[in-house]
Amino acid sequence: MIKKLSSFILVHFSYLVLFSQFSWQKMSTVYPSTVNNVSINYSIVNEQVIWSNFWNDLGKVAFSKSMDGGNTWNAVPAVFQYNDYNFTVRDFFAVSENVAFLATTYQNNIGRGRLYKTTDGGNTWNSIKDFTTGLSYVHFWDTNVGIVVCYPDMSNSSSKKIEIFKTTDGGVTWVAKGGSLLTNSKPNQIPRYIKDDLGDFFWFGSNEGEIIKTNDKGTTWSVVQTPYESSHYEYGSKSLGYFAIIDANTAYYTDFNTGKLYKTTDGFLTEQYVGDPGFGRQTFIEKIPNTDILIAVSGSYNPGSSRGSKYSTDGGLTWVLINSIGRLFVKSKGIDTTFAFGWDGLGGWDDYWRIVKLNGRPIDPQNPGTPQNPGTPQNPGNPQTGTGSDSDIFAIYPIPTGDYLHIKSKILLDSFSIWDFSGRLIWQGKSADNRINVSGLSKGVYSVSVLHQGVHHYRKFIKE
Numbered sequence: 001m002i003k004k005l006s007s008f009i010l011v012h013f014s015y016l017v018l019f020s021q022f023s024w025q026k027m028s029t030v031y032p033s034t035v036n037n038v039s040i041n042y043s044i045v046n047e048q049v050i051w052s053n054f055w056n057d058l059g060k061v062a063f064s065k066s067m068d069g070g071n072t073w074n075a076v077p078a079v080f081q082y083n084d085y086n087f088t089v090r091d092f093f094a095v096s097e098n099v100a101f102l103a104t105t106y107q108n109n110i111g112r113g114r115l116y117k118t119t120d121g122g123n124t125w126n127s128i129k130d131f132t133t134g135l136s137y138v139h140f141w142d143t144n145v146g147i148v149v150c151y152p153d154m155s156n157s158s159s160k161k162i163e164i165f166k167t168t169d170g171g172v173t174w175v176a177k178g179g180s181l182l183t184n185s186k187p188n189q190i191p192r193y194i195k196d197d198l199g200d201f202f203w204f205g206s207n208e209g210e211i212i213k214t215n216d217k218g219t220t221w222s223v224v225q226t227p228y229e230s231s232h233y234e235y236g237s238k239s240l241g242y243f244a245i246i247d248a249n250t251a252y253y254t255d256f257n258t259g260k261l262y263k264t265t266d267g268f269l270t271e272q273y274v275g276d277p278g279f280g281r282q283t284f285i286e287k288i289p290n291t292d293i294l295i296a297v298s299g300s301y302n303p304g305s306s307r308g309s310k311y312s313t314d315g316g317l318t319w320v321l322i323n324s325i326g327r328l329f330v331k332s333k334g335i336d337t338t339f340a341f342g343w344d345g346l347g348g349w350d351d352y353w354r355i356v357k358l359n360g361r362p363i364d365p366q367n368p369g370t371p372q373n374p375g376t377p378q379n380p381g382n383p384q385t386g387t388g389s390d391s392d393i394f395a396i397y398p399i400p401t402g403d404y405l406h407i408k409s410k411i412l413l414d415s416f417s418i419w420d421f422s423g424r425l426i427w428q429g430k431s432a433d434n435r436i437n438v439s440g441l442s443k444g445v446y447s448v449s450v451l452h453q454g455v456h457h458y459r460k461f462i463k464e
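The opening position of the sequence shown corresponds to residue 1 in full-length UniProt numbering, with each subsequent residue numbered one higher.
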């Protein structure tokens, strides 16, 4: 009896966690006592390892790290000191708990780039490459394969195009991929503050509205002139804002000045209006990987812009308010690994450069959902009529189930997929009689999906 009660409590607790609303949790980053406890950059390695770093114009750089998904943070004892008064940290990227890269500029207003690397968790940093122009981005796919993006070389003999370099040996050697090789890029472009990565992809915007992108880990690059005349520019009449890559040709993005959401399905050649999160200028957008969830945040300093965060589970058509506290620079590697800046959202320096983490799950039972967000456990209504939420696609019963999960569907059901509570795919199979033998599954909460007209439709069920 006690064992059964414990199992019920565990399943009930899992159920409640899955259906809790989104909220933001403050991260208690810890830095050495000699620096301020604010973070200028953060980098998500995986569900457990997250780095953050502080720097100032005196060349002092410090690091904080979490090894448990943000629950606890510890200072990296060493403080990296560079004495050039023009020292600037331009970008930061962590590959593992021990390996990370720091992109900087240096040399008294000349604006040259220097890349640093640590292999011991941030205790020591070594200069691995100097570049003739300022560094904008650093991105690595693993400890060996990565790229840097630099400002154009403006010397008389140069192409005056953005410079890109790739390494396959952790930064020992570099091969030029930009400059004159960016044949479709206009000269005198500079990288702007909009970029995203997904799998083998890395895309970024230029000041005149170009998107420069690689879909093969930096081996080849292409340039597309978007429908926008500029990027990240508040005085442009049509300026491209932040974007989230969906696949090789698809992305969601915002108009920088209006905050309205658009979608491209042809790599930014054309756009389709989707909806309006309602925050106005400088709305950040992110898609949580392996879900249908879009997150929009804003913490704009601009008059007339709203502060807050919202989520959408229908591709940006409608939005649900999380709260009205200002947020900036949202990044995600999964439903339990989504972070942003903005502690109390009031706009102060210390506030906007403190990290928060997204907790909970959306509540949207009418949406087909995703493995991590399949909607509520479904009440199929009458199995003979198929009544119930979204029953034109399929309904499942009984819930909870012990051995067989029966499927009532008006479409021909062939294959199915089942995910566990954490969103891990554990089973793919076929059903000849519209039922699935789940007797071998452990007790808990799962989701099952079928594919219909190119769209996966998900339902959650409880195995008792």
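Don't be surprised by glycine CBs; every beta carbon is placed ideally from N, CA and C.
Between the C-alpha atoms of T132 and L240 there is a straight-line separation of about 28 Å. Taken through DSSP and simplified to helix, strand or coil, Y235 comes out as coil. Distance check between Q282 and each of I288, E210, F394 and V297 places V297 closest, using alpha-carbon atoms only. The bridge partners DSSP lists for I40 come to none. Under the DSSP assignment, R435 falls in the beta strand (DSSP E) whose first and last residues are R435 to N437. Fewer than three Cβ pairs drawn from the segment 223-236 and the segment 304-315 lie within less than 8 Å of each other, which leaves the two stretches out of contact.
Per DSSP, the continuous beta strand (DSSP E) segment holding A251 begins and ends at A251 to D255.
Residue burial is scored here from C-beta neighbours: I418 has at least 16 other C-beta atoms within 10 angstroms and is therefore classed as buried. When the alpha-carbon of T118 is set against those of A78, F243 and Y446, the nearest one is in A78. Under DSSP, A75 shares a beta bridge with S64.
For N257, same chain residues with a beta-carbon under 6 Å away, outside a window of 5 residues either side, are S239 and R281 in chain order. DSSP, read as helix, strand or coil, puts L182 in coil. C-alpha of D276 to C-alpha of S439: approximately 45 Å in a straight line.
The residues P152, D153, M154, P187 and N188, in chain order, have a CB closer than 8 Å to that of K160 in the same chain once the five nearest residues on each side in sequence are set aside.
Taking the C-beta atoms as reference points, T264 is found no nearer than 8 Å to T254. Sequence-distant partners of D266 (beyond 5 residues in either direction) whose C-beta falls short of 7 Å from its own C-beta, in its chain, are N249. CA-to-CA, the gap between E163 and Y106 works out to about 17 Å. Residue pairing for L198: DSSP places it in a beta bridge opposite F201. With a minimum length of 3 residues, the unbroken runs of beta strand (DSSP E) contained wholly in the segment 122-198 fall at 126-131, 135-140, 146-150, 163-167 and 191-198.
Rounded to whole angstroms, the gap between the alpha carbons of F22 and F201 is 28 Å.
If you draw a 10 Å sphere on the C-beta of N53, you find 16 or more other C-beta atoms in it, and that means buried.
Taking C-beta separations shorter than 8 Å and ignoring five residues to either side along the sequence, the partners of P362 in its chain run Q21, F22, I293, Y311, T313, V320 and N373, following chain order. Here DSSP, grouped into helix, strand and coil, assigns Y352 to helix. Straight-line spacing of the CA atoms in G299 and S66 works out to 25 Å. Inclusion of G122 and V49 in the CB contact set at 8 Å is not warranted, their separation being larger than that value.
In the three-state reduction of the DSSP assignment, F243 falls in the strand class. Distance check between V30 and each of F63, L358 and N46 places F63 closest, using alpha-carbon atoms only. When DSSP states are grouped into helix, strand and coil, G308 belongs to the strand group. In summary, R192 is buried, with 16 or more beta-carbon neighbours lying within 10 Å of its beta-carbon over all protein chains present. With contacts defined by Cβ atoms closer than 8 Å, V223 and E208 do not form a contacting pair. In this structure, the beta-carbon distance from I396 to F461 falls below 8 Å. Per DSSP, the continuous beta strand (DSSP E) segment holding I418 begins and ends at S415 to W419. For N323, the enclosing beta strand (DSSP E) starts and ends at V320 to N323. DSSP, reduced to helix, strand and coil, places V45 outside both helices and strands of the structure shown, so it counts as coil.
Per DSSP, reduced to three states, the secondary structure at K460 is strand.
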